[in-house]
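Colleague: Using my numbering, read the sequence shown as starting at 1046 and increasing by one per residue.
Virtual Cβ for every residue (Gly too), placed ideally from N, Cα, C.
Right, I'll just put the structure down here and ask away after.
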Amino acid sequence: MRAEQTPAPENPASASPDPAGPRPPRLTAAAVLAALEGLALVVGGAFILVLGLTGDPDDRGQAVTGGVTLIVLALLPLLAARGLLARRSWSRGPAVITQIMALPVAYNLLQADSAAIPGGIALGAVAVTALVLLINQKTTRALGIRGPGGEQD
């Protein structure tokens, strides 16, 4: 029996992202969009929280819980944005999950007969754009994510 070895890549530097090299604009754009979503969640959560504590809501507990929940949910896209800027491969998963979670929210905003419709359009556009940027081959390579079977995309 002969043990077969896996051949080493021809250029070891191409197997992992080069932190010293330039960050692809697509990766930077995806990080900015994720950060904007996170900031919007923080602002919205803080607004609901302040209104719940200082205003006269129907249910103060529900308003406070909703505000705190939005602020905590903001951690996912904010951490993902930081990871994308630092070119960490783990960051693409949370960023993609954030965009997938944003799509039903955008759809519900579009179903409203109010001023929420422009918000739904903006959120849907941001989510779809960020998804396209995150699954782009250059973004995947910059993060050092390998395709199926360990092959580089």
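Give the range of the alpha helix (DSSP H) segment to which A1151 is assigned.
Modeller: Residues 1137–1156.
Colleague: Going straight from the alpha carbon of L1179 to that of L1094, what length do you get?
Modeller: Computed Cα separation, rounded: 32 angstroms.
Colleague: What did DSSP end up calling R1191 once you bin it into helix, strand or coil?
Modeller: Residue state, collapsed to three classes: strand.
Colleague: Are the beta-carbon atoms belonging to L1072 and A1160 less than 9 angstroms from one another?
Modeller: Not closer than 9 angstroms, so no.
Colleague: Based on Cα-Cα distance, which residue from I1162, A1140, G1194 lies nearest to L1081?
Modeller: Closest option to L1081, Cα to Cα, is A1140.
Colleague: With a threshold of 6 angstroms on Cβ separation, who are the neighbours of L1176 within its own chain once the five nearest residues in sequence on each side are excluded?
Modeller: Excluding residues within five positions, the ones whose Cβ falls inside 6 angstroms are Q1144.
Colleague: Could you check if P1052 is buried or exposed, using at least 16 other CB atoms within 10 Å of its CB as the buried criterion?
Modeller: Annotation note: pLDDT 48 at P1052 (below 50); position unreliable, coordinate value reported separately. Per the 10 Å Cβ criterion, exposed.
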